[in-house]
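What the sequence shown shows, in our numbering, is residues 2 to 330, in sequence order.
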Amino acid sequence: MNAAAPAQPQRSPLFWVGMFLFMILSGIAIPAQGRVNAELSSTVGDAYLAAFISFFVGLLVLAVIVFLTAPGRRAMRQVPPAFQRGEVRWWYLLAGAVGGYFVLAQTLTIGMIGVAVFTVAVVTGQTIGGLLWDRIGLGPGGRRQITLMRCVGALLTVCAVIWAVSPQLTVADRGLAWLLLVLLPFSGGFLQAGQQALNGRQSAAYGSALPGAFFNFASGSAVLLLTWVTVSLLQGGLGVPQLSTTWWHYLGGPLGIVFIVLGALLVTRVGVLLAAMGMIAGQLIGSLLLDLVVPAPGSLVTTATVLGTALTLVAVLIASLPDMRRGGR
Numbered sequence: 002m003n004a005a006a007p008a009q010p011q012r013s014p015l016f017w018v019g020m021f022l023f024m025i026l027s028g029i030a031i032p033a034q035g036r037v038n039a040e041l042s043s044t045v046g047d048a049y050l051a052a053f054i055s056f057f058v059g060l061l062v063l064a065v066i067v068f069l070t071a072p073g074r075r076a077m078r079q080v081p082p083a084f085q086r087g088e089v090r091w092w093y094l095l096a097g098a099v100g101g102y103f104v105l106a107q108t109l110t111i112g113m114i115g116v117a118v119f120t121v122a123v124v125t126g127q128t129i130g131g132l133l134w135d136r137i138g139l140g141p142g143g144r145r146q147i148t149l150m151r152c153v154g155a156l157l158t159v160c161a162v163i164w165a166v167s168p169q170l171t172v173a174d175r176g177l178a179w180l181l182l183v184l185l186p187f188s189g190g191f192l193q194a195g196q197q198a199l200n201g202r203q204s205a206a207y208g209s210a211l212p213g214a215f216f217n218f219a220s221g222s223a224v225l226l227l228t229w230v231t232v233s234l235l236q237g238g239l240g241v242p243q244l245s246t247t248w249w250h251y252l253g254g255p256l257g258i259v260f261i262v263l264g265a266l267l268v269t270r271v272g273v274l275l276a277a278m279g280m281i282a283g284q285l286i287g288s289l290l291l292d293l294v295v296p297a298p299g300s301l302v303t304t305a306t307v308l309g310t311a312l313t314l315v316a317v318l319i320a321s322l323p324d325m326r327r328g329g330r
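1. Taking buried to mean at least 16 other C-beta atoms within 10 Å of its own C-beta, is A52 buried or exposed?
2. Going by beta carbon distance, what residues of the same chain come within less than 8 angstroms of T108, once the five residues before and after it are set aside?
3. When you compare only the Cα positions, how much space is there between V104 and V307?
4. Under 9 angstroms between the Cβ atoms of G112 and A194?
5. Express the C-alpha separation of S321 and L15 in angstroms, rounding to a whole number.
6. How far does the alpha helix (DSSP H) with D47 in it extend, from its first residue to its last?
7. Taking the alpha-carbon positions, what's the G97 to R270 distance?
8. Can you tell me whether G208 is buried or exposed, with buried defined as 16 or more other CB within 10 angstroms of its CB?
9. Determine the closest residue to L312 out of G142, I281 and W92, with distance taken between C-alpha atoms.
10. Sorted by chain position, which residues of the same chain lie with C-beta nearer than 6 angstroms to M20's C-beta, five sequence neighbours on each side aside?
11. What did DSSP end up calling R144 once you bin it into helix, strand or coil?
12. Starting from V183, trace the alpha helix (DSSP H) both ways and give me its first and last residue.
13. On the three-pair Cβ rule with 8 angstroms, is the segment 254 to 267 touching the segment 212 to 220?
14. Rounded to the nearest angstrom, what separates F56 and R136 at their Cα positions?
15. Taking the C-alpha atoms as reference points, what is the distance between L69 and A210?
16. Mapping DSSP to helix, strand and coil, what is R36?
17. Ignore the nearest five residues each way along the sequence and tell me which others in A316's own chain have a CB closer than 7 angstroms to its CB.
18. Would a C-beta distance cut-off of 9 angstroms place T45 and L170 closer than the cut-off?
19. If you scan the segment 221 to 277 from start to end, which runs of the alpha helix (DSSP H) of 4 or more residues do you find wholly inside it?
20. Alpha carbon to alpha carbon, how far is V294 from G35?
21. Classify R330 as helix, strand or coil using the three-state DSSP reduction.
22. V65 by DSSP, collapsed to three states: which one?
23. What residue from V232, G142, N38 and Q146 has the CA that sits closest to W249's CA?
24. Quick one: using the 10 Å Cβ neighbour count with 16 as the cut-off for buried, is R145 buried or exposed?
25. Excluding the 5 residues preceding and the 5 following A5 in the sequence, name in chain order all residues of the same chain whose CB lies nearer than 7 angstroms to its CB.
26. Ends of the alpha helix (DSSP H) at G87?
27. Looking at the unbroken alpha helix (DSSP H) that takes in P72, where does it start and where does it end?
28. Determine the direct distance from the alpha carbon of L301 to that of L285, and round the result to whole angstroms.
29. Three-state secondary structure (DSSP) at L99?
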């Protein structure tokens, strides 16, 4: 886990264009998933149940892929050998629990601290986590040094996000309870960067991102099912859940698959920090597009939103310059 990063192969500008497009696409899946899950939650009347349904649908889709298709079965056959070689540890399979934790943090805090503060806390956690996990070599590419350019890019990303959401930031009394609430999404973002690193390790070991994605959704579904059952019992009983009859309310799981699979592939190629920063840019772009095309109640698009989103792309470019130079030699 602590081996130094291997020498960069020759990489053309076309490679980096492809990586940037994958970063943006994977990031866009997150706000789209959030919008779909919000509609599902409103319909079923239970945020915990909606989160579980979203994960479970993703698990069912992946189960069909990994058990009923030739590429999926071939990828799953690589799991036991990867364990035998010591390339994958059992606790890598629990990375999906981070996804469950993140959804819970979102459910518990957004209504109290607001979407803007939640976004800033998550992004700060993701960027700090990306720097740290790369430094200790948690990802498949080994250790990556904390350079000036990477720090500048990471700091610029956080500043860009603060700028983008600044129209929604409000001044309020900030006490210890508020700070503790903010720590939940911060830790969720921090752990999410580590989750992507472990997914990347599994993807490299199996030669496919499918098994790791399946294990992610399995462990995440288990966490959310346990949470829903526990909360329901504490509130007086499970009852009969009311399901949505609108088909696209169940697309949250497949959108999560896009994020997990592309994220794992990105980490194996560009490292944890760049993958996280690129997906952050994608999240802002996706949110901006959704607010312009299908605005939700209370959505606000201003000049700061657009310029802050554009600045995240500049931040990714700055942080990736050293890798581009090494790869181009």
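Beta carbons: idealized from backbone N, C-alpha and C, even for Gly.
Please read these numbers as outputs of a predicted model, since none were measured by experiment.
From the atom records:
1. Sequence index remark: in the sequence shown, residue 52 carries index 51 (1-based). By the neighbour-count rule (16 or more Cβ atoms within 10 Å), A52 is buried.
2. Working through the sequence shown from its first residue, we reach residue 108 at position 107. Spatial neighbours of T108 in its own chain (CB-CB distance under 8 angstroms, excluding positions within 5 residues in sequence) are listed in chain order as A48, Y49 and A52.
3. As a working mapping, residue 104 is identified with position 103 in the sequence shown. As a working mapping, residue 307 is identified with position 306 in the sequence shown. Roughly 26 angstroms between the two C-alpha positions.
4. Residue mapping note: residue 112 aligns to position 111 of the sequence shown, counting from 1. Residue mapping note: residue 194 aligns to position 193 of the sequence shown, counting from 1. Taking 9 angstroms as the cut-off, the Cβ atoms of G112 and A194 do not count as close.
5. The residue labelled residue 15 in the question sits at position 14 within the sequence shown. The residue labelled residue 321 in the question sits at position 320 within the sequence shown. Taking the straight line joining both Cα atoms gives about 14 angstroms.
6. The residue given as residue 47 occupies position 46 in the sequence shown. Judged by DSSP secondary structure, D47 falls outside any alpha helix (DSSP H); it is assigned neither H nor E.
7. Your numbering for residue 97 matches position 96 in the sequence shown. Your numbering for residue 270 matches position 269 in the sequence shown. Annotation: G97 to R270 spans about 21 angstroms, alpha carbon to alpha carbon.
8. Taking the first residue of the sequence shown as 1, we reach residue 208 at position 207. A residue is called buried when at least 16 other Cβ atoms come within 10 angstroms of its Cβ; G208 does not meet this threshold and is exposed.
9. As a first step, residue 312 is located in the sequence shown; it is residue number 311 there, counting from the start. Cα-wise, what sits closest to L312 is I281.
10. Start at 1 with the first residue of the sequence shown, and residue 20 comes out as number 19. Once the five neighbours on either side are set aside, the close Cβ partners of M20 are V271.
11. The sequence position of residue 144 within the sequence shown is 143, counting from 1. In the structure shown, R144 sits in a strand (DSSP, three-state: E or B).
12. Here residue 183 refers to the residue found at position 182 when the sequence shown is read from its first residue. L177 to Y207 is the span of the alpha helix (DSSP H), which, as asked, contains V183.
13. Short answer: they touch.
14. What you label residue 56 is simply residue 55 of the sequence shown in a count that begins at 1. What you label residue 136 is simply residue 135 of the sequence shown in a count that begins at 1. Their backbone Cα atoms lie some 31 angstroms apart in a straight line.
15. As a position in the sequence shown, residue 69 is number 68, starting the count at 1. As a position in the sequence shown, residue 210 is number 209, starting the count at 1. Take the alpha-carbon of L69 and the one of A210: they are about 16 angstroms apart.
16. By one-based count along the sequence shown, residue 36 stands at place 35. Helix, per DSSP.
17. Taking the first residue of the sequence shown as position 1, residue 316 is located at position 315. So the qualifying residues of the chain are G154, L157, T158, A161 and M278.
18. Locating residue 45 in the sequence shown gives position 44, where the first residue counts as 1. Locating residue 170 in the sequence shown gives position 169, where the first residue counts as 1. Rather than Thr, the amino acid found at residue 45 in this sequence is Val. No, they are not a contact pair.
19. Here the runs fully enclosed are 253 to 271.
20. Along the sequence shown, read from residue 1 onward, the residue named residue 294 stands at position 293. Along the sequence shown, read from residue 1 onward, the residue named residue 35 stands at position 34. Cα-Cα distance, rounded: 15 angstroms.
21. For the purposes of this step, residue 330 is taken as residue 329 along the sequence shown, with counting starting at 1. Only weak support is given to the placement of R330: the predicted model assigns it a pLDDT of 42, under 50, and the question is left unresolved by the model.
22. The count along the sequence shown starts at 1 and reaches residue 65 at position 64. Residue state, collapsed to three classes: helix.
23. Against the sequence shown, residue 249 aligns to sequence position 248. Sorting V232, G142, N38 and Q146 by C-alpha distance to the C-alpha of W249 places N38 at the top.
24. To locate residue 145, count along the sequence shown from 1; it is residue 144. Classification of R145: buried, given that the 10 Å Cβ count is 16 or more.
25. Residue numbering aside, residue 5 sits at position 4 when the sequence shown is read from its first letter. Unreliable placement is indicated for A5, whose pLDDT of 49 sits below 50; no coordinate value is reported for it.
26. Here the question's residue 87 lines up with position 86 in the sequence shown. Neither: G87 is in no alpha helix (DSSP H) and is coded neither H nor E.
27. For the purposes of this step, residue 72 is identified with residue 71 of the sequence shown, where counting begins at 1. Run containing P72: A71 to M77, per the alpha helix (DSSP H) assignment.
28. Against the sequence shown, residue 285 aligns to sequence position 284. Against the sequence shown, residue 301 aligns to sequence position 300. Distance between the alpha carbons of L285 and L301: 13 angstroms.
29. If you number the sequence shown from 1, residue 99 lands on position 98. Just to set this straight, residue 99 is Val in the shown sequence, not Leu. The answer is helix: DSSP assigns V99 an H, G or I state.
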